[in-house]
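S.K.:
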Amino acid sequence: MNSTERVVNTILGKETDRQPVYGWVKENLSDEISEIFGSVSAFEDHFGFDAAHIFGGPWSFDGDTFDRLRAQNEELTPDILLDYDIFTVPDDDKDFEAVKRDIARHKERGRFCYMQTPGFFEHFNTVFGIEDHLMYTALYPDELKELYRRQGEWTKRFAEKCISLGADMIHFSDDWGSQRDMLFSPSFWKDAIYPAMKDAVELVHEKGAFASLHSDGCIKKVLDGIKDIGFDVLHPWQENAGMPLELYLDNYSEDFAIMGGICVQSALGIMKRDELEKEIRRVFSLLKGKRWICCTSHFVQKHCHIDDLIFAYELIRELAE
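Per our numbering, the very first residue in the sequence shown carries number 1; after that it's consecutive.
(1) If you draw a straight line from the alpha carbon of aspartate 228 to that of glutamine 116, how long is it in whole angstroms?
(2) For a quick check, are the C-beta atoms of arginine 111 and alanine 51 less than 7 Å apart?
(3) With DSSP as the reference, please indicate the residues paired to isoleucine 54 in a beta bridge.
(4) Would you tell me roughly how many angstroms separate the C-alpha atoms of lysine 145 and proline 195, rounded to the nearest one?
(5) Taking DSSP's pairing of strands, which residues face isoleucine 170 in a bridge?
(6) Under the three-state reduction of DSSP, which class applies to threonine 126: helix, strand or coil?
(7) So, does the region 86-99 touch the region 158-168, judging by three or more C-beta pairs under 8 Å?
(8) Should phenylalanine 55 go down as buried or exposed, given a rule of 16 or more other Cβ atoms within 10 Å for buried?
(9) Would you mind reading off the limits of the alpha helix (DSSP H) that contains tryptophan 292?
(10) Thinking just about the alpha-carbon of each residue, which of Leu247, Leu213 and Trp189 is nearest to the one in valine 222?
(11) Roughly how many whole angstroms lie between the Cα atoms of glutamate 275 and aspartate 307?
(12) Helix, strand or coil for valine 204, going by three-state DSSP, please let me know.
(13) Which residues in the same chain have their Cβ closer than 7 Å to the Cβ of glutamate 279, if we skip the five residues on either side of it in sequence?
(14) Could you round the C-beta distance between glutamate 122 and aspartate 85 to whole angstroms and report it? I think they count as a contact, below 8 Å.
(15) Would the beta-carbon of valine 233 fall within 7 Å of that of valine 264?
(16) Where alanine 257 and glutamine 179 are concerned, what is the direct C-alpha to C-alpha distance, given to the nearest angstrom?
(17) Take valine 283 as the anchor and find which of Leu245, Ile310, Asp255 and Glu254 has the nearest alpha-carbon.
(18) Helix, strand or coil: which one does DSSP assign to phenylalanine 299?
(19) If we ignore side chains and look at the alpha-carbon of each, how far apart do tryptophan 59 and phenylalanine 128 end up?
(20) What's the C-alpha gap between histidine 303 and tyrosine 140?
(21) Measure the C-alpha to C-alpha separation of glycine 289 and arginine 70 and round it to an integer number of angstroms.
(22) Quick check: does the Cβ of tyrosine 313 come within less than 6 Å of any heavy atom belonging to the ligand NAD?
(23) Leaving out five residues before and five after aspartate 79 in sequence, what residues of the same chain have Cβ atoms less than 8 Å from its Cβ?
(24) Would you identify the three-state DSSP class for phenylalanine 87, choosing helix, strand or coil?
(25) With distance defined between alpha-carbon atoms, name the residue in Val204, Arg291, Gly57 and Arg149 nearest to tryptophan 237.
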């Protein structure tokens, strides 16, 4: 069984030869990893990473249009954006050359490749800033809904292109939660985000790929909606944000898989070695054999010592067998 088969079977709840292993290790520790292993790629090979998180492709927003609008308006509000074509066209093969190379490189190793694409709330934070965006959910809900719908059309074209290049899964990154609750009301989510997200996920499924969601924080109030949208995988299922693993196992394990389990906010890079070992063993005792891809909850942080990272993954690989 190669890595792609292992991850696919896990997502579908079928038998595998071991638990899939992955982690977001490159962002902050590439120098430390390369000093010992030669490269991040060598680290991934050494620990038998089963998945690859692919980034790249064209940016969705038209930079020239936004530069002009910012120069003309003291405040850029959702109603202003509705009068302009603010999205690029993700059809140029040249924009996907790096994506194509990365997928091919990981496929040579048999890995399951999932492609990053921005979600709706998270992406428009880059336009409005999160504080103003949260305010606009109350002041401009209809306008935001239409902007999300338009982004969804861009996302569908982008996803279709990536799937044609060999992506196994489209990964929607859209943070909706804080440590204790949703960032905005569930009613806004259901009215404005749900329709565009469901439409995009249906397109991904029609093209034969899986769909996953990254959403940090406490998103308990929209888990039923996430199930209804049809997501195949949810990352990270953040236990330390009020989402115990038992909630998943008792209520959602028949509906979708989860990716995560190794928390970078409360465990890896935080705990002493003996505590970290107990925590990793606890997670495996609950999730091994389930629809679970072992992964970090987010990027491993800079304060994590490389020796602790190596210790964690040596233990993870031992327990995954």
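Positions of the beta carbon are idealized from the N, C-alpha and C atoms, including for glycine.
M.R.: A quick look at the data gives this:
(1) Reading the sequence shown from its first residue, position 228 is the one you call residue 228. Reading the sequence shown from its first residue, position 116 is the one you call residue 116. Each residue's Cα considered, the two are about 21 Å apart.
(2) Against the sequence shown, residue 111 aligns to sequence position 111. Against the sequence shown, residue 51 aligns to sequence position 51. A contact, by the Cβ cut-off of 7 Å.
(3) Position 54 of the sequence shown, counted from the first residue, corresponds to residue 54. Its beta-bridge partners are Met115.
(4) By 1-based counting over the sequence shown, the position of residue 145 is 145. By 1-based counting over the sequence shown, the position of residue 195 is 195. Each residue's alpha carbon lies about 9 Å from the other.
(5) Locating residue 170 in the sequence shown gives position 170, where the first residue counts as 1. Answer is Met115 and Ala211, bridged to isoleucine 170.
(6) Taking the first residue of the sequence shown as position 1, residue 126 is located at position 126. If DSSP states are grouped into helix, strand and coil, threonine 126 belongs with the helices.
(7) These segments touch.
(8) By 1-based counting over the sequence shown, the position of residue 55 is 55. Its Cβ having fewer than 16 others within 10 Å, phenylalanine 55 is exposed.
(9) Counting from 1 along the sequence shown, the entry for residue 292 is found at position 292. For tryptophan 292, no alpha helix (DSSP H) segment is defined; the enclosing uninterrupted segment is the beta strand (DSSP E) at 292-296.
(10) Residue mapping note: residue 222 aligns to position 222 of the sequence shown, counting from 1. Distances from the CA of valine 222 to each of Leu247, Leu213 and Trp189 were compared; the closest alpha carbon is that of Trp189.
(11) Mapped onto the sequence shown, residue 275 falls at position 275. Mapped onto the sequence shown, residue 307 falls at position 307. One Cα belongs to glutamate 275, the other to aspartate 307, and the distance between them is close to 15 Å.
(12) In the sequence shown, the residue the question calls residue 204 occupies position 204. The answer is helix: DSSP assigns valine 204 an H, G or I state.
(13) Numbered from 1 along the sequence shown, position 279 holds the residue referred to as residue 279. Here the set comprises Ala267 and Met271.
(14) Here residue 122 refers to the residue found at position 122 when the sequence shown is read from its first residue. Here residue 85 refers to the residue found at position 85 when the sequence shown is read from its first residue. Not really, about 21 Å apart at Cβ, beyond 8 Å.
(15) Taking the first residue of the sequence shown as position 1, residue 233 is located at position 233. Taking the first residue of the sequence shown as position 1, residue 264 is located at position 264. No, the Cβ-Cβ distance between valine 233 and valine 264 is not below 7 Å.
(16) Counting from one through the sequence shown, the residue named residue 257 turns up at place 257. Counting from one through the sequence shown, the residue named residue 179 turns up at place 179. Cα-Cα distance, rounded: 22 Å.
(17) As a first step, residue 283 must be located in the sequence shown, where it is residue number 283. Minimum Cα distance to valine 283 is reached at Leu245.
(18) As a working note, residue 299 is residue 299 in the sequence shown. It is coil, neither helix nor strand.
(19) As a first step, residue 59 is located in the sequence shown; it is residue number 59 there, counting from the start. As a first step, residue 128 is located in the sequence shown; it is residue number 128 there, counting from the start. One alpha carbon belongs to tryptophan 59, the other to phenylalanine 128, and they sit about 17 Å apart.
(20) Within the sequence shown, numbered from 1, the residue matching residue 303 stands at position 303. Within the sequence shown, numbered from 1, the residue matching residue 140 stands at position 140. In this structure, the alpha-carbon of histidine 303 lies about 40 Å from that of tyrosine 140.
(21) Locating residue 289 in the sequence shown gives position 289, where the first residue counts as 1. Locating residue 70 in the sequence shown gives position 70, where the first residue counts as 1. In this structure, the alpha-carbon of glycine 289 lies about 52 Å from that of arginine 70.
(22) Inclusion of the ligand NAD in the displayed structure is not the case, the ligand content being empty and no account of it being possible.
(23) Position 79 of the sequence shown, counted from the start, is the residue given in the question as residue 79. Taking aspartate 79 as the centre and dropping the five residues before and after it, the same chain places the C-beta of Tyr140 and Glu143 closer than 8 Å to its C-beta, in chain order.
(24) Position 87 of the sequence shown, counted from the first residue, corresponds to residue 87. Residue state, collapsed to three classes: strand.
(25) On the sequence shown, residue 237 is found 237 positions in, with the first residue counted as 1. Comparing Cα positions, the closest option is Arg291.
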